[in-house]
Amino acid sequence: VASAPVIVIGVGNPLRADDAAGVLAVRQLRPRAGVEIREQSGEATALLEALRGRTTALVVDAAAGAEPGRLHRIDAAARPLPQGLFGVSSHGFGVAEGIELARALGALPAACVVYAVEGACFDTGAPMSEAVARALPVLAEDIAKEIEIFSNREARHA
Amino acid sequence: MTRKTIKVDYLARVEGEGALHVTLRDGAVRDVELRIFEPPRFFEAFLRGRAFGEAPDITARICGICPVAYQMSAVHAMEDAFGVTVDAPLRALRRLLYCGEWIESHGLHIYLLHAPDFLGYESAIAMAREHQAEVERGLQLKKVGNEIVQLIGGREIHPINVRVGGFYRTPARRELAPLAERLKWARDAALETVRWVAGFDFPDCERDYELVALRHPGEYPFNEGRLASNKGLDIAVGDYEATFEERHVAHSTALQSAIRGRGAYLVGPLARYSLNFDRLSPLAQEAARAAGLGETCANPYKSIVVRAVETLYACDEALRLIEGYREPERAAMRVEPRAGSGCACTEAPRGILYHRYRLDEEGTITEAKIVPPTSQNQSSIEDDLRAFLPGWLSMEEEALRWRCEQTIRNYDPCISCSCHFLKLEVERG
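Chains X and E, in that order, are what the protein sequence lines are.
Residues 1 to 158, numbered by this note's numbering, are exactly what the first sequence covers, in order.
Residues 159 to 587, numbered by this note's numbering, are exactly what the second sequence covers, in order.
This is how it looks when you write it as structure tokens:
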């Protein structure tokens, strides 16, 4: 099965408060031809495998930050992700490591954008903080617009 | 008097949170503490009051790397309590599932966590820039392990298809055929892995460990066997708690295990290999010999070679199991709960994982005890550093810190599992 050229990956653990942001944001997206939407835990090798063979990838994750709800758009194809921004998964191998491993192996899509929303609380079982919940629709809309732009570009190249 | 400390505040390339604190006084090693500060996770407590059938899925959540081990120890302990023995084809499927976890876990540790230490890279990413082909091989090898767990376990992480008595669904023979093709590639890649890691430089460090592993009459151990050691231990798993004890130490949220009256022991690849060389497949034995390993191994740095040999074995064994697979008549045995208790040890990638449950007449868990491999190895990790550090004291600070971390990574410690792990602090004085 050929994989969709565009992949949108929501990263996080829905049971850990603001860490749910990435997953909940991609759940708000409408299905669209040529775009695969996936949810992941943030484990680096799984992320790397999901990025392989794509032309475009959007990765959405919560990040540790001082301003809960603040949104960031990072062009990961252009430069390495800032260290220490994202939570880490098994063996300290998280989103930033997955993307950098993909870059080192020549497997990073030509277009790779990381959306990050700053979170305040990552406790197991705790509710999402209000500021992050308020930011979610805006985040989802930004992602949808970006998908639109990338999809149209794909269509022109097809 | 001069006093110096070496500190690693946060150990990299290990699972979970821990630190190392070493105190040196007048050029001698005074104290070594592997500080585990990952919060306790209370799994044993919240298993109380749950149904016996929930144990495999709840305990699988303890670890994202070795959930199969938790599921296997849980189902075998329950079956011990209820007097259930599973049919041969179900038992074979359990071994196949375990092969998948070993390939996945060992592949990750060899290529992404441990190899950078030997090749002088601070991370797998830095290593990948100059060793693309090797890292790709490791990733693909790990992926084959994932595919086994996906097919037999229902999904790659925290599988959902394991139950007390067997499985919810068993695969048809034709479903296993594509896996066999992938495993033939994986077996070659594992053989290449053994050759690759055998060429690394190893510090000349050996210790006289008490090596503890399962020993089975006919198989390299996964699910069953007696508990044996190179120092005369030969007990049924039911005698585990009479033989081993757990101690609380102030610097760790994980309990430390010891053999009653004797002290530290070592579990995991070195122990399994040294006690069970004769049970490896001819291909794995031949590869081990060609890699320069004897029939036993007491150099913890060579654990990377032993892991590679075990990965090769797991590929070989998985192929054998697929070839001999008969579709089970039933996916699970009938299980009738009864009051009592049951226990089991199975060989997680990092070593023996012990589970014991007490159950009431309806099969509700009234008491649970779980002893993971990393907490059993904690004392041996500290003892390795105490034994080897005096020979390294002339090293530059950065090199010394690295060597200490590498020594810990020999064990592929899973701190999250043990908390039920690392920052390094060396205090020189």
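We treat Cβ as the ideally placed atom computed from N, Cα and C, and that holds for glycine.
Computed from a predicted structure; not experimentally measured.
(request) Might you give, ordered along the chain, the residues of its own chain that have their beta carbon closer than 8 Å to the beta carbon of X/R30, omitting 5 neighbours on each side? (result) A144
(request) Would you mind telling me which residues of chain E sit closer than 7 Å to X/A104, beta carbon to beta carbon, in chain order? (result) I283, A286 and R287
(message) Just to make sure I have the definition right: I need the residues of chain X whose C-beta is within less than 9 Å of the C-beta of E/K301. Which are they?
(response) T45 and E49
(message) Can you pull the chain E neighbours of X/E160, defined as C-beta to C-beta under 8 Å?
(response) Because residue 160 of chain X is not part of the residues shown, which for chain X are 1 to 158, the question remains open.
(message) Relative to the C-alpha of X/F150, which candidate in X/A50, X/E36 and X/D19 has its C-alpha closest?
(response) X/E36
(request) Starting from X/L71, follow its DSSP beta bridges and name the residues at the other end. (result) X/V117
(request) Assess, as a yes-or-no matter, whether the stretch 489-496 of chain E is touched by the stretch 451-471 of chain E under the definition of 3 or more beta carbon pairs within less than 8 Å. (result) Contact fails: fewer than three Cβ-Cβ distances are below 8 Å.
(request) Would you mind telling me which residues of chain X sit closer than 8 Å to E/Q564, beta carbon to beta carbon, in chain order? (result) Simply none; closest approach about 15 Å.
(request) Starting from the beta carbon of X/E97, find every residue of chain E whose beta carbon is closer than 7 Å, and list them in chain order. (result) I283
(request) State the Cα-Cα distance for the pair E/A335 and E/L479, rounded to the nearest angstrom. (result) 12 Å
(request) For my contact list, E/E314 and E/P507 are in at a C-beta cut-off of 8 Å; report their separation, rounded to the angstrom. (result) About 15 Å separates the two Cβ atoms, so there is no contact after all.
(request) Determine, using beta carbons only, whether E/E280 comes closer than 8 Å to chain X. (result) no
(request) Count the CB pairs spanning the stretch 462-475 of chain E and the stretch 338-351 of chain E that are closer than 8 Å, and state whether there are at least three. (result) yes
(request) Tell me whether X/Q40 sits in a helix, a strand or coil according to DSSP, three-state version. (result) strand
(request) Look at X/V117 and X/V132 and say whether their C-beta atoms are less than 8 Å apart. (result) Cβ atoms of X/V117 and X/V132: closer than 8 Å.
(message) Among X/R156, X/E154, X/A135 and X/H157, whose alpha-carbon lies nearest the alpha-carbon of X/Q28?
(response) Cα-wise, what sits closest to X/Q28 is X/A135.
(message) Is it buried or exposed, X/G22, if we count other Cβ atoms within 10 angstroms and call 16 or more buried?
(response) buried
(message) Assuming X/R38 and X/A107 are in contact, meaning their beta carbons sit under 8 Å apart, how far apart are those beta carbons, in whole angstroms?
(response) With a beta-carbon spacing of about 16 Å, X/R38 and X/A107 fall beyond the 8 Å limit used to define contacts.
(request) Go ahead and pull the three-state DSSP assignment for E/S499. (result) strand
(request) Kindly list the residues whose CB is nearer than 8 Å to the CB of E/E333, restricted to its own chain and excluding five residues on each side of it in sequence; keep chain order. (result) L309
(request) Check whether the Cβ atoms of X/D19 and X/G98 lie closer than 8 Å to each other. (result) no
(message) Mapping the DSSP letters down to three states, classify E/S415 as helix, strand or coil.
(response) E/S415: strand per DSSP, three-state reduction.
(message) If distances are taken between C-alpha atoms only, which option among E/V463, E/A394, E/D392 and E/D397 comes closest to E/P427?
(response) Looking from the CA of E/P427, the closest CA among E/V463, E/A394, E/D392 and E/D397 belongs to E/V463.
(request) Could you tell me the distance, in whole angstroms, from the CA atom of E/V226 to the CA atom of E/L297? (result) 20 Å
(request) Output the boundary residues of the beta strand (DSSP E) element that contains X/V8. (result) V6 to V11
(request) Flag this pair as touching only if the stretch 208-220 of chain E and the stretch 523-532 of chain E have three or more C-beta atom pairs under 8 Å; answer yes or no. (result) Touching, yes.
(request) Look at the alpha carbon of E/R295 and the alpha carbon of E/Y569, and state the distance between them as a whole number of angstroms. (result) 22 Å
(request) Between the Cα of E/G143 and those of E/A371, E/D189, E/M285 and E/V233, spot the shortest distance and give me the residue it belongs to. (result) Because chain E spans 159 through 587 in this model, residue 143 of chain E falls outside it and cannot be assessed.
(message) For X/S90 and X/G12, what's the separation of their Cα atoms in angstroms?
(response) Residue placement at X/S90 is flagged as unreliable, the pLDDT there being 47, under the threshold of 50; the coordinate-derived value follows with that caveat. Computed Cα separation, rounded: 13 Å.
(request) Have a look at E/S538 and E/P486 and give me their C-alpha separation to the nearest angstrom. (result) The straight-line gap from Cα to Cα measures roughly 42 Å.
(message) I need the DSSP call for E/L347, collapsed to helix, strand or coil.
(response) The sequence given here has Ala at residue 347 of chain E, not Leu. DSSP places E/A347 in helix when its eight states are reduced to three.
(message) Tell me which residues share the same chain as E/V293 and place their Cβ nearer than 8 Å to its Cβ, disregarding the 5 neighbours each side in the sequence.
(response) Y269, L270, A282, M285 and A286
(request) Name, please, each residue of chain X whose Cβ falls closer than 8 Å to the Cβ of E/E294. (result) L105
(message) With a threshold of 8 Å between beta carbons, is E/Q443 in contact with chain X?
(response) no
(request) Label E/G311 either buried or exposed according to how many other C-beta atoms from any shown protein chain fall within 10 Å of its C-beta, with 16 as the threshold for buried. (result) buried
(request) Please classify E/T522: does DSSP put it in a helix, a strand, or coil? (result) strand
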